[in-house]
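Heads up: the structure comes next, in structure tokens.
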Amino acid sequence: MNCQPWLKALVYNCTNINHSCSLCSALAEQRYPLCIACEQALPWLDEYCLRCALPLPMAGLICAQCSRRPPAYDQVVAPWHYGFPLDTLISRFKHNNQWPLGRLMAELLGLNLHHRYQEGMPRPDLLLPVPLARRRLRERGFNQAAMLGRWLSKALLIKCEERLLLRTRETPAQQHLDARARRHNLRRAFALADQASLKGRHVAVIDDVLTTGTTAQAIAQLLRQAGARRIDVYCLARTAKPGQA
Ligand SMILES: [Zn+2]
Ligand SMILES: [Zn+2]
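Given below as structure tokens:
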């Protein structure tokens with residue numbers, strides 16, 4: 028086979044890297060539809076609490092809250108701050124059914140996780156998406172955490188189990204509640220379809236955004252009671268403490 032430049036260009040164009048960028052429409056020139064400039068402009072979370080991924084001014088620390096009262100989960104993985112433009116992308120995925128954006132973020136989260144596994148972070152046996160309340164599922168038509176779980180499952184070759192973790196009660200939306208009210212709201216909101224299957228397992232709970240961590244905490248307590256050995260939480264973005272940038 029000869030190596031004419033035009034042939035190289037043809038091969039290049041045929042190997043699925045001629046996407047346009049989902050954010051600026053420029054040629055992406057990557058395996059996924061995001062150009063390098065837009066990727067660099069995403070609010071990457073570099074310095075965070077080693078337990079709950081809360082943004083911190085320095086890397087390698089545990090935040091005051093996790094030191095005082097260690098959470099029931101072992102580690103939160105979040106590649107980004109919940110800031111512009113990621114907040115907009117997540118909102119378009121959740122509320123405007125823009126699934127390709129969700130898929131793109133899941134792909135980047137998958138790459139991030141893959142990199143961390145190579146650096147020694149243990150791989151879970153199972154992915155468990157946070158279930159959506161039935162009424163919200165009816166309104167939205169899909170569970171964004173379950174979709175992220177399916178995409179991650181394909182990318183990481185880890186089983187995603189959507190019917191193990193259940194929502195037992197309708198809970199009012201969490202957004203406008205303080206931490207105490209959230210905890211109260213979430214008590215007994217979740218259940219496991221099969222307790223025994225969790226014994227000794229390493230699981231990763233999947234959600235889109237981690238805000239106060241109250242949902243993750245409620246689920247992790249449940250999984251811990253069922254004998255899970257290690258519980259991680261994988262999400263797209265982590266918010267700062269209320270009132271912080
Ligand atoms: Zn771009
Ligand atoms: Zn923390």
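Read in our numbering, the sequence shown has 206 at position 179, and its numbers run on one by one without any break.
Backbone N, C-alpha and C fix where the C-beta goes; we use that ideal spot for every residue, glycine too.
In this text, all values refer to a predicted model and were calculated from it rather than measured experimentally.
Distance, LEU116 Cα to GLY147 Cα: Locating residue 147 in the sequence shown gives position 120, where the first residue counts as 1. Locating residue 116 in the sequence shown gives position 89, where the first residue counts as 1. Here the alpha carbon of GLY147 sits roughly 30 Å from the alpha carbon of LEU116.
Among LEU204, LEU153, GLY168, nearest to LEU225 - alpha-carbon criterion: Residue numbering aside, residue 225 sits at position 198 when the sequence shown is read from its first letter. For the set LEU204, LEU153, GLY168, the Cα lying nearest the Cα of LEU225 is the one of LEU153.
Spatial neighbours of ALA223 in its chain, beta-carbon cut-off 7 Å, leaving aside the 5 residues before and after: By 1-based counting over the sequence shown, the position of residue 223 is 196. Within its own chain, no residue has a Cβ closer than 7 Å to the Cβ of ALA223 once the five positions on either side in sequence are excluded.
Bridge-paired residues (DSSP) for ILE89: Taking the first residue of the sequence shown as position 1, residue 89 is located at position 62. DSSP, once it has assigned bridges, lists no residue as partnering ILE89.
ASN235 (DSSP reduced to helix, strand or coil): Indexing the sequence shown from 1 puts residue 235 at position 208. Reading the sequence as shown, one finds Asp at residue 235 and not Asn. ASP235: strand per DSSP, three-state reduction.
Segments assigned beta strand (DSSP E), at least 3 residues, entirely inside the segment 125-162: Runs of the beta strand (DSSP E) inside the segment 125-162: 153-156.
Nearest-angstrom Cα separation, counted from ASN170 out to LEU159: Position 132 of the sequence shown, counting from 1, holds the residue named residue 159. Position 143 of the sequence shown, counting from 1, holds the residue named residue 170. The alpha-carbon separation between LEU159 and ASN170 amounts to approximately 6 Å.
Where SER180 falls, given that 16 or more other Cβ within 10 Å makes a residue buried: If you number the sequence shown from 1, residue 180 lands on position 153. Its Cβ being crowded by 16 or more others within 10 Å, SER180 is buried.
Simplified DSSP state of LYS186, which is helix, strand or coil: Taking the sequence shown and counting its residues from 1, one reaches residue 186 at position 159. Here LYS186 sits in strand by DSSP.
Through-space distance from ARG167 to HIS122, alpha-carbon basis: As a working note, residue 122 is residue 95 in the sequence shown. As a working note, residue 167 is residue 140 in the sequence shown. Straight across, the Cα-Cα distance linking HIS122 with ARG167 is about 7 Å.
Rounded C-alpha distance that separates GLU243 from SER47: Here residue 243 corresponds to residue number 216 of the sequence shown, with the count starting at 1. Here residue 47 corresponds to residue number 20 of the sequence shown, with the count starting at 1. Strictly speaking, residue 243 in this sequence is Ala, with Glu absent from that position. So the alpha carbons of these two residues sit roughly 35 Å apart.
Distance between CYS90 and ALA220 (C-alpha atoms, nearest Å): Residue mapping note: residue 220 aligns to position 193 of the sequence shown, counting from 1. Residue mapping note: residue 90 aligns to position 63 of the sequence shown, counting from 1. Going by the C-alpha atoms only, they are around 34 Å apart.
CA-to-CA distance, TYR59 to LYS186, given in whole angstroms: Along the sequence shown, read from residue 1 onward, the residue named residue 186 stands at position 159. Along the sequence shown, read from residue 1 onward, the residue named residue 59 stands at position 32. Cα to Cα, the separation comes out at about 23 Å.
Bridge-paired residues (DSSP) for TYR75: Against the sequence shown, residue 75 aligns to sequence position 48. The partner list for TYR75 (beta bridge, DSSP) reads PRO82.
ILE233, buried or exposed, once every other Cβ within 10 Å from all chains shown has been counted against 16: Along the sequence shown, read from residue 1 onward, the residue named residue 233 stands at position 206. By the neighbour-count rule (16 or more Cβ atoms within 10 Å), ILE233 is buried.
Whether ALA105 touches ALA264 by CB criterion (7 Å): Locating residue 105 in the sequence shown gives position 78, where the first residue counts as 1. Locating residue 264 in the sequence shown gives position 237, where the first residue counts as 1. Yes. Within cutoff.
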